[in-house]
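Every number in this note's numbering is 10 more than the matching position in the sequence shown, counting from 1.
Where a beta carbon is used, it is the ideal one built from N, C-alpha and C, also for glycine.
What follows is a single structure, written as structure tokens, with notes after it.
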Amino acid sequence: MSSADTTKIPNSLEEHWMPFTSNRDFKENPRLITEAKGVYLKNHHGKTMIDASSGLFCNPLGHGRKEITNAVTKQLDQLDYVQPFQQGFGGSFELARRIAKHTPGDLNRIFYTICGSTAVETAIKIVIAYHKARGQGQRFRFVGRERAYHGMNIGATSVGGMINNVKTFASILMPGVLHMRHTHLPDHKFVRGQPTTGVEMAEDLERICMNFGSENIAACIVEPVAGSTGTLVPPKGYLKRLREICDKRGIVLIFDEVITGWGRMGSAFASQEFGVTPDVITMAKATTNGVVPMGAVAVKEEIYDTVMDASPKGAVELFHGYTYSGIPIAVAAALSVQDIFEKEDIFKRSKEMSPYFLDGLFSLKDLTVIDNIRGYGMMGGIDIKLKEKPGRAGFECFKACYDVGVNFKATGDCLIIAPQFICEKKHIDEIIEKLRTGISNYMKR
Ligand SMILES: Cc1ncc(COP(=O)(O)O)c(C=O)c1O
């Protein structure tokens with residue numbers, strides 16, 4: 011295989027240590043993707059598969075979008091790189107303006123990062139800088155939530171709440187982080203949309219304030235809908251109650267919208283969908299339709315102004331940034347994505363397709379191996395009954411589905427289904443049909 015030909019079978023699988031992968035299992039029986047167009051992928055056996063999770067929830071506009079390819083190519087030809095410290099280029103300012111048009115409230119100040127993890131890390135640092143600037147430097151604690159996924163650098167791992175992601179690294183995590191309980195209660199089984207019970211889970215934040223002193227708490231970070239643990243939809247009133255507690259206690263509320271941002275829930279951001287405006291939003295993934303790494307943090311104007319005003323003019327106000335913060339090709343891809351959002355009324359399309367998708371998803375309920383189904387917008391989780399040890403059933407089921415031509419992300423024993431927004435009804439039908447066949451085949455094995 012030549013270095014120019016990255017889609018063919020490689021000469022060796024050994025050197026690449028793959029992320030979040032059972033490397034030894036994979037290398038014995040690889041799953042290589044060779045092509046991606048629209049809602050379809052092709053694997054190295056030549057089999058066409060439907061992409062039922064928009065990659066890792068990042069390609070809602072479909073694969074191989076010519077507009078994005080052209081924008082990136084043109085950008086590379088004209089201006090391939092600008093160092094982002096003390097210099098800039100017009101595109102990143104235009105993109106910030108376009109992003110701010112969609113963010114709720116006055117979350118109009120946009121800081122670029124490289125991915126979701128660095129967006130979360132940046133949000134953590136901005137919050138600390140903000141509290142210091144307003145004379146509340148004692149606020150050092152962050153409150154996360156069980157079953158949260160916020161990414162994999164130290165900050166994001168610390169506020170996350172998935173046991174396998176934290177236990178090996180316990181000794182090096184951020185100090186002072188506390189976790190609320192997750193919101194998925196036993197009576198939420200097979201509940202479609204927002205559960206009507208469980209609002210009281212938000213009182214965990216109040217309890218943490220009482221036990222640890224709210225004056226020490228910098229921020230509370232939640233995914234409005236927990237994505238990576240399988241679409242845990244917030245109970246009605248839950249996010250609003252978190253907002254109230256944060257307001258009362260001077261705590262910054264961060265919504266991690268790395269998955270839910272850009273239409274996944276049917277509105278531009280889940281914040282708008284659930285009618286709760288946080289102080290900070292993190293985003294990534296669909297910002298560039300997944301084709302160039304990019305993340306961003308949107309903060310409300312008061313946070314930005316406070317940090318600015320705390321430094322003399324001419325000084326660097328925030329000692330933070332990345333070599334790849336808002337680089338030209340990421341910006342070009344993101345601007346092109348913004349054009350497509352507008353031209354194709356993408357968020358409306360997501361909202362309109364959601365009921366059909368959720369009908370399909372919940373129609374799988376009769377498969378006896380399914381323990382639970384949840385869903386909101388264009389995202390749903392299917393829990394497969396535990397087999398021997400956690401994760402085995404989910405992985406085997408994922409492989410059985412892959413074999414029949416439907417690809418998605420499985421976390422533990424949960425299959426996460428998040429179709430692209432450009433899907434037509436026939437594509438949703440195909441996803442559901444293939445899920446039924448794949449899960450049934452798993453049951454027979
Ligand atoms: C809610 C959330 N935050 C952060 C991240 C981390 O993003 P990245 O993998 O781009 O670092 C993810 C990734 O799935 C996510 O779902």
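Positions of the alpha helix (DSSP H) runs, each at least 4 residues long and wholly inside the region 397-454, are given as 402-413 and 435-454 in order along the chain.
In the DSSP assignment, the residues bridged to residue 188 are 153.
Secondary structure note for residue 222: it is in no beta strand (DSSP E), and the uninterrupted alpha helix (DSSP H) holding it is 213-222. Contact between the region 226-237 and the region 403-416 is absent: fewer than three C-beta pairs spanning the two stretches fall below 8 Å.
Each of 419, 223 and 207 was checked against the Cα of residue 196, and the nearest Cα belongs to 207.
In the DSSP assignment, residue 51 is bridged to 46 and 59.
Listed in chain order, the alpha helix (DSSP H) runs fully inside the region 225-270 are 248-259, counting runs of at least 4 residues. Inter-residue distance for residue 334 and residue 455 is about 47 Å (C-alpha atoms, whole angstroms). Burial state of residue 399 is exposed, judged by a 10 Å Cβ sphere holding fewer than 16 other Cβ atoms.
DSSP places residue 119 within a strand segment (E or B) once states are collapsed to three.
In the structure shown, the three-state DSSP call for residue 344 is helix.
Secondary structure at residue 90: coil, using DSSP grouped into helix, strand and coil. Relative to ligand 1, residue 189 has its C-beta separated by 6 Å or more from all heavy atoms. At a Cβ-Cβ threshold of 7 Å, residue 395 and residue 379 count as neighbours.
Look at residue 194 here: in three-state DSSP terms it is coil, with no helix or strand label. Taking 7 Å as the cut-off, the beta carbon of residue 140 is found closer than this to the beta carbon of residue 317. Scanning its chain for C-beta atoms nearer than 7 Å, with the 5 sequence neighbours on each side dropped, one finds around residue 69 the residues 299, 300 and 430, in chain order.
Secondary structure in the region 288-374: the alpha helix (DSSP H) runs of 4 residues or longer, each lying completely within the stretch, are 311-319, 338-353 and 356-372 in chain order.
Residue 172 and residue 323 have their C-alpha atoms roughly 42 Å apart.
In this structure, 305 is the residue among 305, 325 and 332 with its C-alpha nearest to the C-alpha of residue 341. For residue 69, the three-state secondary structure derived from DSSP is coil.
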